[in-house]
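Take a look at the structure below.
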Ligand SMILES: [Zn+2]
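In this note's numbering, the protein residues as written are 1445 to 1818.
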């Protein structure tokens, strides 16, 4: 009899793994969710009488199993999960683990981000220039995954006097820990510009970098100053990574000469595009590695009806197609919002371009240039 692990078990384990990573990998005392998720794994093995393969204790499960793809666990997992995926990569929760933990009922990472988000909203709502300030702040985060001490001081000046957001900026960043140093220097990834990781005495792509294969060794890297600050993990995961696709799409719509608002009315959704005939599109970018977990997170009203729109889209960055060619098809099997369409970002751009009356096809040359700038 095959051992079956349900999604809720993986979700609970993931929630525990996030807690461990929040205390710099310190496993003991075991977080409740990790302990109980592990117990459920052991129980599944015992019930199936496949007792040779059972992980012998929690540290072994954490160090060896969680770093290995599900395909090597000797279990059956839900078809929604890719058998090549792991929950940890070099001790850090993977994108999948973060998404599973969110499905479990939120994680400490999303709490970190929502605390800053609600404080930012509250301050911007009571400020005369609030809507512009909100966008400026979010955009700054997206464009600055790392900052030197000097840049941080300047930024605090920019968001300080007369604006009152300097303390929130402080909550978004932390000094880069020394485990990110390689030969006494910090480096940034040339693709996403976030801090690189170090493993096996090499500089590798950040595990969250969705422009690079997981953990790829970086030949090209950007040397950073001695003292740098990096975004906190929750801010990085929920604002920085998806934000790059939001800003990229915003700029491409602007190039079409359209009227575009980024985070309209303090983030009711991501982009509001107005065409010359008065038609309005509402767009929300969602950057999830797993389409089923994305559907789970969308809720009853994925895009609020104000500020008003004629057509609404949930847009997924193109890069997701590379890892999961059936992404859109999988998304559509669970889609339950008839007035909102799921689409990739290149497709929505092509649609807008067609409506504006630009030639439909982009030349490979211009396309390459645009991606390089993202
Ligand atoms: Zn990167």
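Here a beta-carbon is modelled for each residue, glycine too, at the ideal position from N, C-alpha and C.
Excluding the 5 residues preceding and the 5 following residue i in the sequence, name in chain order all residues of the same chain whose CB lies nearer than 6 Å to its CB.
i	result
residue 1457	1481
residue 1451	1522
residue 1812	With a pLDDT of 44 at residue 1812, under the threshold of 50, the modelled position of this residue cannot be trusted; read the value that follows with caution. So the list is empty, once near-sequence residues are dropped.
residue 1446	1520
residue 1657	none
residue 1807	At residue 1807, the pLDDT of 49 sits below 50, so the modelled position is not reliable; the number obtained from the coordinates is stated separately. No residues qualify anywhere along the chain.
residue 1754	1723 and 1724
residue 1775	1735 and 1786
residue 1466	1552
residue 1455	1544, 1547 and 1548
residue 1448	1520
residue 1718	1703 and 1724
residue 1691	1586
residue 1739	1778
For a test of your reading of the model: does the CB of residue i fall under 8 Å from any non-hydrogen atom of ligand 1? Yes or no.
i	result
residue 1624	no
residue 1635	yes
residue 1638	yes
residue 1401	Only positions 1445 to 1818 of the chain appear in this structure, which leaves residue 1401 out of reach.
residue 1692	no
residue 1664	no
residue 1649	yes
residue 1655	yes
Starting from the C-beta of residue i, find all residues in its chain whose C-beta is less than 8 Å away, skip the five residues before and the five after it, and write them out in chain order.
i	result
residue 1585	1616, 1675, 1679, 1683, 1684 and 1687
residue 1664	1634
residue 1495	1489
residue 1464	1470, 1471, 1475, 1478 and 1506
residue 1462	1537, 1541, 1542, 1545, 1551, 1552 and 1553
residue 1453	1481, 1484, 1485 and 1488
residue 1614	1600
residue 1641	1534, 1536, 1624, 1647, 1648, 1649, 1650, 1651 and 1659
Ligand 3 and residue i: does any heavy atom of the ligand fall closer than 8 Å to the residue's C-beta?
i	result
residue 1762	For ligand 3, the structure offers nothing, since it holds only ligand 1.
By DSSP's criteria, residue i is part of a beta bridge. Which residues make up the other side?
i	result
residue 1788	1760
residue 1579	Beta-bridge pairing links residue 1579 to no other residue.
residue 1696	Beta-bridge pairing links residue 1696 to no other residue.
residue 1529	None; residue 1529 has no bridge partner.
residue 1783	Residue 1783 is not bridged to any residue.
residue 1520	1448
residue 1657	None; residue 1657 has no bridge partner.
residue 1667	1631
residue 1675	1617
residue 1643	1646
residue 1718	1703 and 1724
residue 1752	Residue 1752 is not bridged to any residue.
residue 1592	1672
residue 1626	1629
Which same chain residues end up closer than 7 Å to residue i when comparing Cβ atoms and leaving out the 5 residues on each side of it in sequence?
i	result
residue 1660	1648 and 1649
residue 1708	1716 and 1751
residue 1653	1633, 1635, 1636 and 1638
residue 1689	1729, 1731, 1761 and 1789
residue 1801	none
residue 1469	1535
residue 1743	none
residue 1459	1477, 1545, 1548 and 1551
residue 1563	1612
residue 1513	1527, 1528, 1529 and 1530
residue 1681	1542, 1553 and 1652
residue 1560	1612, 1615, 1616 and 1679
How about residue i: is its C-beta nearer than 9 Å to some C-beta of chain B?
i	result
residue 1781	Among the protein chains of the structure shown there is no chain B, as only one such chain exists.
_Validate contact between the stretch 1732-1741 and the stretch 1689-1705 using beta carbons, cut 8 Å, 3 pairs_ = Inter-segment contact for the stretch 1732-1741 and the stretch 1689-1705 is absent: fewer than three beta-carbon pairs are separated by less than 8 Å.
*Inspect the CB distances between the stretch 1676-1689 and the stretch 1540-1558 and report whether three or more fall short of 8 Å.*
Touching, yes, given that three or more Cβ pairs across the two stretches are closer than 8 Å.
*With a cut-off of 8 Å, do at least 3 Cβ pairs link the stretch 1594-1605 to the stretch 1555-1574?*
Of all C-beta pairs linking the stretch 1594-1605 to the stretch 1555-1574, fewer than three are shorter than 8 Å, placing the two stretches out of contact.
*Does the stretch 1656-1672 come close enough to the stretch 1628-1645 that 3 or more CB-CB pairs lie under 8 Å?*
The answer is yes - the stretch 1656-1672 touches the stretch 1628-1645, with three or more Cβ pairs under 8 Å.
*Can you find at least 3 beta carbon pairs, one from the stretch 1694-1701 and one from the stretch 1551-1565, that sit closer than 8 Å?*
The stretch 1694-1701 makes no contact with the stretch 1551-1565, as fewer than three CB pairs between them are under 8 Å.
*contact_flag[the stretch 1503-1523, the stretch 1722-1733] where n(CB pairs < 8 Å) is 3 or more*: The stretch 1503-1523 vs the stretch 1722-1733: no contact.
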